[in-house]
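Have a look at the structure below before the remarks.
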C-alpha cells in the first residue's frame, strides 16, 4: 500500500475516510453533472432555449463555489456531522421539489440554489480539509482520488439519469435522487466525526488542526498573491471544462447520435476522469506540478478539438479521442492546486481557505456553462464556445508556470 506508507498511515481508518469523502463528492456533484442528461428533456417539455436551460446548471455551479468557503468554515468550526447532514438535507429538498416544478425560476432556486448549497457542504471543501489531515507525503495522490469522486459520480449518475428519464420520466428521476439523499442524511448522523476530523497520528496538519491555532487565516491568505493565482487558475480551468462538458450531450445528439449513446459517452469520459485525476496526482508527487499540469491542459485542448470534429467524422475516431483526452483531463488540475495550497496555507483555517479558492472553480464553471449556452443561441453553433474554452485552457497552463512561490511536491 504505497499510498498509506507515503502518508505515514497504516490503518483502515485512512481508507475509510478516503472512501467516505470520495463517495460524498461523487453523489453530490454526480447528481449535478447529470443535468447534462436532463438538459434536452427539460428544454423540450418546458420550452426553454439553450441559455435558459443552462442557467440552472450555471447557478448550481455558482452556488457550489459561492458556498464552498462557508462549507470549509462550518467544517472548521462545527465539524462534519452538521455540515454533511445539512448538505444532504438540502440536496433531498431541492431534488424533491424539482420533480413538481414547471417554471424556470423555480428550477433555478431548487436545483441551482438548494442543490448547489448542498453539494458544496458535502463536496470538496470539507473533503480536502479531512484528507489533508490523514495523508502527508502522498497527499497529492490522496486528494486526486477524492477529486476522482467527480468522475465516478458522472459515470454512475449520467447513465442512471438517462435510464430513469427513459423509463419513468424526468420528474420521477428527481424523486429518486431525493430519496437517496434523504437516506444518506440519516446515515451520516451516526458516523464518528470527531475521530474523522482529528486525522492520522504523525500527520503535521493533524496537530495544527487539533490545537485550533497556527497557520494563516482566510483573511491573511486573501492578502497574498499566491492565493489569487490559485483562484484564477481554478477559474479559467473550470471555464475550459464546464463550457464543454454540460453541452457535450446536446452537441453529440445534434451531430446524429441518439441520447442513450451520448449519455454513455459523457459517462465514460467521467469514468476516465477518475483515472486521470489519480494518475495526475501520483505524477505530481513524483515529477512536480508544472510539467504534469501542462500535459493535462494539452489533453483538454486535444479533446475539445476532437469533439468539434465528431459530426464530420464517420469513423468514430474523433469521438474516442474526445472521450479519452477530455475525460482524462477533467478535474485533473484540482488535486495539484489543492496540494500546493494545503502545504502553503497549512493551519486550522485550511478548510475555509480551500473553500474560498474553490469559489473560483464554481464561478468559472458557472461562467463557462452559461456562456457556452448563450453563444449557441447567438451563433446557432458551438464553434465560438470551443474557441473560448481552448483559450481558457491555454491561459491556465501559462499561469501554472507563474506559480513559483509554492514548492513542487517532494
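Numbering (the numbering used here), first residue to last: 424 to 833.
Glycine included, every Cβ here is placed at the ideal spot set by N, Cα and C.
inquiry  = Applying the 10 Å Cβ sphere with the 16-neighbour rule, what's the burial state of residue 801?
reply    = In the chain shown, the residue the question calls residue 801 occupies position 378. Exposed: under 16 other Cβ atoms inside 10 Å.
Per-residue DSSP class, three states only, for residue 805 = Within the chain shown, residue 805 is the residue found at index 382, counting from 1. Coil at residue 805, not helix or strand.
ask   = In chain order, what residues of the same chain have a beta carbon less than 6 angstroms from the beta carbon of residue 809, not counting five sequence neighbours either side?
value = Residue numbering aside, residue 809 sits at position 386 when the chain shown is read from its first letter. Cβ within range, chain order: 727, 731.
Start-to-end residues for the alpha helix (DSSP H) that takes in residue 471 = Taking the first residue of the chain shown as 1, we reach residue 471 at position 48. Careful: residue 471 lies outside any alpha helix (DSSP H) and carries neither H nor E.
request  = Determine the burial state of residue 523: buried for a count of at least 16 other Cβ atoms within 10 Å of its Cβ, exposed for fewer.
outcome  = If you number the chain shown from 1, residue 523 lands on position 100. The residue in question, residue 523, is exposed, as its Cβ has fewer than 16 Cβ neighbours within 10 Å.
key: Neighbour-count burial assignment, residue 499, 16 or more Cβ in a 10 Å radius   = Within the chain shown, numbered from 1, the residue matching residue 499 stands at position 76. Residue 499 is buried by the Cβ-count criterion.
task = Return the CA-CA distance between residue 535 and residue 615, expressed in angstroms with no decimal places.
result = Counting from 1 along the chain shown, the entry for residue 535 is found at position 112. Counting from 1 along the chain shown, the entry for residue 615 is found at position 192. Those two C-alpha atoms are separated by around 31 angstroms.
inquiry  = I'd like to check one pair, residue 746 with residue 688: are the Cβ atoms closer than 8 angstroms?
reply    = Against the chain shown, residue 688 aligns to sequence position 265. Against the chain shown, residue 746 aligns to sequence position 323. In this structure, residue 746 lies closer than 8 angstroms to residue 688 by Cβ.
ask   = Going by beta carbon distance, what residues of the same chain come within less than 6 angstroms of residue 749, once the five residues before and after it are set aside?
value = Start at 1 with the first residue of the chain shown, and residue 749 comes out as number 326. Once the five neighbours on either side are set aside, the close Cβ partners of residue 749 are 692, 726.
ask   = From this set, 805, 577, 463, 724, which residue's C-alpha is nearest residue 588's C-alpha?
value = For the purposes of this step, residue 588 is identified with residue 165 of the chain shown, where counting begins at 1. It is 463 whose Cα lies nearest to the Cα of residue 588.
query = Should the segment 648–667 be regarded as contacting the segment 541–557, the criterion being three or more beta carbon pairs within less than 8 angstroms?
reply = no
inquiry  = Alpha carbons only, please: which of 784, 795, 824 is nearest the one belonging to residue 476?
reply    = Start at 1 with the first residue of the chain shown, and residue 476 comes out as number 53. Considering only alpha carbons, the answer is 795.
inquiry  = Among 568, 543, 544, whose alpha-carbon lies nearest the alpha-carbon of residue 555?
reply    = Taking the first residue of the chain shown as 1, we reach residue 555 at position 132. Per the Cα distances, 568.
request  = Taking residue 775 and residue 492 to be in contact with their CB atoms under 8 angstroms, please state how far apart those CB atoms are, rounded to whole angstroms.
outcome  = Start at 1 with the first residue of the chain shown, and residue 775 comes out as number 352. Start at 1 with the first residue of the chain shown, and residue 492 comes out as number 69. Right, their Cβ atoms sit about 6 angstroms apart.
request  = Using three-state DSSP, classify residue 620 as helix, strand or coil.
outcome  = The residue you call residue 620 lines up with position 197 of the chain shown. The answer is helix: DSSP assigns residue 620 an H, G or I state.
task = Following the continuous alpha helix (DSSP H) through residue 499, name the residue where it begins and the one where it ends.
result = Here the question's residue 499 lines up with position 76 in the chain shown. Per DSSP, residue 499 belongs to the alpha helix (DSSP H) from 491–501.
task = Could you say if the segment 586–606 and the segment 446–462 meet the contact criterion of at least three C-beta pairs nearer than 8 angstroms?
result = yes
query = For residue 825, which of helix, strand or coil comes out of DSSP?
reply = For the purposes of this step, residue 825 is taken as residue 402 along the chain shown, with counting starting at 1. Of the three classes helix, strand and coil, the one that applies to residue 825 here is coil, per DSSP.
message = Within a Cβ cutoff of 6 angstroms, which residues of the same chain sit near residue 788, ignoring the five residues on either side of it in sequence?
response = Here residue 788 refers to the residue found at position 365 of the chain shown. Excluding positions up to five away in sequence, the list reads 484, 661, 665.
ask   = Between residue 540 and residue 486, which are expected to be in contact by the criterion C-beta below 8 angstroms, what is the C-beta distance as a whole number of angstroms?
value = One-based indexing of the chain shown puts residue 540 at position 117. One-based indexing of the chain shown puts residue 486 at position 63. Going by Cβ atoms, the distance from residue 540 to residue 486 rounds to 6 angstroms, so yes, they are a contact pair.
key: Contacting residues, own chain, Cβ-Cβ under 6 angstroms from residue 416 (five flanking each side not counted)   = Because residue 416 is not part of the residues shown, which for the chain are 424 to 833, the question remains open.
task = Report back the beta-carbon spacing between residue 680 and residue 574 to the nearest angstrom; my notes put them in contact at under 8 angstroms.
result = Numbered from its first residue, the chain shown carries residue 680 at position 257. Numbered from its first residue, the chain shown carries residue 574 at position 151. Actually they do not touch by this definition, with Cβ atoms about 21 angstroms apart.
request  = Give every residue of the same chain whose Cβ lies closer than 8 angstroms to the Cβ of residue 717, excluding the five residues on either side of it in the sequence, and list them in chain order.
outcome  = One-based indexing of the chain shown puts residue 717 at position 294. Closer than 8 angstroms at the Cβ level, and outside the excluded window around residue 717, lie 820, 823, 824.
ask   = Which class does residue 534 belong to by DSSP, given the choice of helix, strand or coil?
value = Here residue 534 refers to the residue found at position 111 when the chain shown is read from its first residue. The answer is helix: DSSP assigns residue 534 an H, G or I state.
query = What first and last residue would you give for the alpha helix (DSSP H) that runs through residue 609?
reply = Counting from 1 along the chain shown, the entry for residue 609 is found at position 186. 593–611 is the span of the alpha helix (DSSP H), which, as asked, contains residue 609.
query = Which value, in whole angstroms, describes the spacing of the CA atoms of residue 440 and residue 552?
reply = By one-based count along the chain shown, residue 440 stands at place 17. By one-based count along the chain shown, residue 552 stands at place 129. Taking the straight line joining both Cα atoms gives about 11 angstroms.
ask   = What residue from 678, 505, 516, 494 has the CA that sits closest to residue 543's CA?
value = For the purposes of this step, residue 543 is taken as the residue at position 120 of the chain shown. That would be 494, whose Cα lies nearest to the Cα of residue 543.
ask   = Count the other CB atoms within 10 Å of the CB of residue 525; is the residue buried (16 or more) or exposed (fewer)?
value = Along the chain shown, read from residue 1 onward, the residue named residue 525 stands at position 102. Exposed, because fewer than 16 other Cβ atoms sit within 10 Å of the Cβ of residue 525.
ask   = Of the residues 465, 644, 763, which one's Cα is nearest the Cα of residue 531?
value = One-based indexing of the chain shown puts residue 531 at position 108. Per the Cα distances, 465.
query = Is the segment 695–710 in contact with the segment 735–742, if contact means three or more CB pairs nearer than 8 angstroms?
reply = no
Nearest-angstrom Cα separation, counted from residue 450 out to residue 515 = Residue 515 sits at position 92 when you count from the first residue of the chain shown. Residue 450 sits at position 27 when you count from the first residue of the chain shown. Near 12 angstroms, if we compare the C-alpha coordinates of residue 450 and residue 515.
inquiry  = Helix, strand or coil, according to DSSP, for residue 781 in the structure here?
reply    = The count along the chain shown starts at 1 and reaches residue 781 at position 358. It is helical.
task = Determine the DSSP secondary structure at residue 441, reduced to helix, strand or coil.
result = As a position in the chain shown, residue 441 is number 18, starting the count at 1. Helix at residue 441.
query = Using a Cβ-Cβ cut-off of 7 angstroms (strictly less than) and excluding sequence neighbours within five positions of residue 509, which residues of its own chain qualify?
reply = Counted from its first residue, the chain shown places residue 509 at position 86. Hits under 7 angstroms: 544.
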